[in-house]
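**Q** So in full-length UniProt numbering, the last one in the sequence shown is 337, and the numbering has no gaps at all.
First the structure, then my questions, so here it is.
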Amino acid sequence: MSQVPGVVQLHCPICRAKLSVPVAATAHPIQCGVCRQMFRAPPLPAQPPQPAIMPPHLAATGAASANPNQPGQRASPQTAAATSQRSSPPLVADPEAAKSDEDRDAEDAAARSRWLGTVALLGLSLVVLTLVCGVVVAVKGLPSFLMPQAKVDEDLLIDPESVAESAPSEYLPALWAMAPRVAIIHSDVLVRVKRVEYGEVLGRTERNEGVSASGGDYLIVYFQVENRRDADLDYISWYGNTFRDGETTTAARLSDAAGKRYSQVTFDSVRTVKGHMARTIIAPRDRIDDVLVFGVPREVIEKLDQPLKLELPRSAIDSSLKGSYRFQIPRRMLSES
């Protein structure tokens, strides 16, 4: 226990906290500011007496005031009230008062260091996570749900039959669906162009080996057919086949804005072209994917500034149907394969 003028330094006997207590308060029970327990201070070292010098005419009054409860004397109400007021409640010692400026500076520096360390750790974690994501994307590519998708909304479907009810027949040839956003439905069979590539055509041999079928660059159209009928659909591919349209024979056709047509190309060196579905049964509400390959020179593709036009005869779906599914293929849709 150490002392400074007017203040005594104590240690709580229960939690050993260092407390600063006024000397005058050591005569009363002390409450620890840390553990909130009450204790009494040990006796303080004896102090040399300092007699008070009082005028003679106040000596008697001072003696009477010093011991108002002396036998033979009755304390006045005013004296009793003053005595009760001097009985102060237990004082709560504040442990912060015992800290020096150096201690507070050290605690502040430690708090700042912890805060900076937390910020640095979070920043490092973010950098590591970004690097890991970058490596995953570089190795495996973007996940499918982040890849840009050509959305086809139901309200963007073109139904030539419903349009024919309100439009003269001479306007029907002008109905072209802009791929890939717009699909066409006719006789409960929906057709949409999904994507278009320009490059090498891949195929499979009789031994099911993957090989280059083309040896050059061609226009490859990937499309989808969906059966919305209540019965099965016997699908025969447009690729490499011809169909009867009334008295004429027709096939899938590709042309440019000037009307120049580009023929389909098939490959005898392979059993099938990658992605091609020659013939199948499409169940109700089911869909299949198929491809078409056209011979378009590279210089035509490089100079292309107007959409290409793709026509798919409806008689491939049903021999009784006439006309075609008509699509426009914009230049921005073409990608190098």
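Idealized CB from N, CA, C, for every residue including glycine.
Among residues of its own chain, excluding the 5 on either side of Tyr222, which ones have a beta-carbon nearer than 6 angstroms to its beta-carbon?
**A** Closer than 6 angstroms at Cβ, skipping near neighbours: Lys194, Arg195, Val291.
**Q** Let me know the secondary structure DSSP gives Glu197 once reduced to three states.
**A** Looking at Glu197 - three-state DSSP - the assignment turns out to be strand.
**Q** Given this structure, state the Cα-to-Cα distance separating Tyr218 from Asp230, to the nearest angstrom.
**A** Approximately 37 angstroms between the Cα atoms of the pair.
**Q** May I ask which residues mark the beginning and end of the beta strand (DSSP E) holding Val225?
**A** Start and end: 210 to 227.
**Q** In this structure, how does DSSP classify Val291 when only helix, strand and coil are distinguished?
**A** It is a strand residue.
**Q** Tell whether a beta-carbon distance below 9 angstroms holds between Arg287 and Glu226.
**A** In this structure, Glu226 lies closer than 9 angstroms to Arg287 by Cβ.
**Q** Can you give me the C-alpha to C-alpha distance between Asp305 and Gly259, rounded to a whole angstrom?
**A** Roughly 14 angstroms separates the two Cα atoms.
**Q** Label Met38 either buried or exposed according to how many other C-beta atoms from any shown protein chain fall within 10 Å of its C-beta, with 16 as the threshold for buried.
**A** Classification for Met38: exposed.
**Q** With Glu311 as the anchor, note down where its alpha helix (DSSP H) starts and where it stops.
**A** Here Glu311 belongs to no alpha helix (DSSP H); instead the beta strand (DSSP E) covers 308 to 313.
**Q** If you drop the 5 nearest sequence neighbours on each side, which residues of the same chain put their C-beta closer than 8 angstroms to that of Ile281?
**A** Contacts found: Asp232, Leu233, Asp234, Tyr235.
**Q** Inspect the beta-carbon positions of Gly203 and Val296 and report whether they are closer than 9 angstroms.
**A** Cβ atoms of Gly203 and Val296: not closer than 9 angstroms.
**Q** Suppose contacts are defined by Cβ-Cβ distances below 9 angstroms. Is Gln9 in contact with Lys18 by that definition?
**A** Yes; because the gap between Cβ atoms is below 9 angstroms, this pair is in contact.
**Q** In three-state DSSP terms, what is Ser255?
**A** The answer is strand: DSSP assigns Ser255 an E or B state.
**Q** Can you tell me which of the three DSSP states Gly134 falls into?
**A** Gly134: helix per DSSP, three-state reduction.
**Q** Considering Cα atoms alone, identify which of Lys322, Ser20, Met333, Ile14 is closest to Ala179.
**A** The candidate whose alpha carbon is nearest that of Ala179 is Met333.
**Q** Helix or strand or just coil, what does DSSP make of Ala150?
**A** With a pLDDT of 44 at Ala150, under the threshold of 50, the predicted position of this residue should be treated as unreliable, though the coordinate-derived value follows. Ala150 falls in the coil class under three-state DSSP.
**Q** For Glu299, name the three-state secondary structure that DSSP assigns.
**A** Note: Glu299 maps to helix in three-state DSSP.
**Q** Within its chain, find whatever has a CB closer than 6 angstroms to the CB of Asp289; leave out the 5 residues flanking it on each side and keep chain order.
**A** Closer than 6 angstroms at Cβ, skipping near neighbours: Gln224.
**Q** Would you identify the three-state DSSP class for Ser125, choosing helix, strand or coil?
**A** Three-state result, Ser125: helix.
**Q** Rounding to the nearest angstrom, what Cα-Cα distance links Leu126 and Cys133 in this structure?
**A** Distance between the alpha carbons of Leu126 and Cys133: 11 angstroms.
**Q** State the beta-bridge partners of Phe39 as determined by DSSP.
**A** Beta-bridge pairing links Phe39 to Ile30.
**Q** Could you check if Gly72 is buried or exposed, using at least 16 other CB atoms within 10 Å of its CB as the buried criterion?
**A** Low confidence applies here, because Gly72 scores a pLDDT of 48, under 50, leaving its location unreliable and the question unanswered by this model.
**Q** Counting Cβ pairs, one atom from each stretch, are 3 or more of them under 8 angstroms apart for the stretch 317 to 325 and the stretch 261 to 269?
**A** No, the stretch 317 to 325 does not touch the stretch 261 to 269.
**Q** Under a three-way DSSP split, which group does Arg114 fall into?
**A** Arg114 falls in the helix class under three-state DSSP.
**Q** For Cys331, which residues in the same chain have their Cβ closer than 6 angstroms to its Cβ, ignoring the five residues on either side in sequence?
**A** This sequence places Arg at residue 331; Cys is not what is there. If we look at Arg331 and ignore the five residues flanking it on each side, its Cβ neighbours are Leu304.
**Q** Which of the three DSSP states is assigned to Glu102 in this structure?
**A** Looking at Glu102 - three-state DSSP - the assignment turns out to be helix.
**Q** Since Tyr239 is in the beta strand (DSSP E), which residue starts that stretch and which ends it?
**A** Run containing Tyr239: none; DSSP gives neither H nor E here.
**Q** With distance defined between alpha-carbon atoms, name the residue in Phe327, Cys35, Gly6 nearest to Leu44.
**A** Among Phe327, Cys35, Gly6, the Cα nearest to that of Leu44 is on Gly6.
**Q** Which value, in whole angstroms, describes the spacing of the CA atoms of Leu190 and Thr130?
**A** Each residue's alpha carbon lies about 42 angstroms from the other.
**Q** Quick one: Cα of Val270 to Cα of Ser214, how far?
**A** Computed Cα separation, rounded: 9 angstroms.
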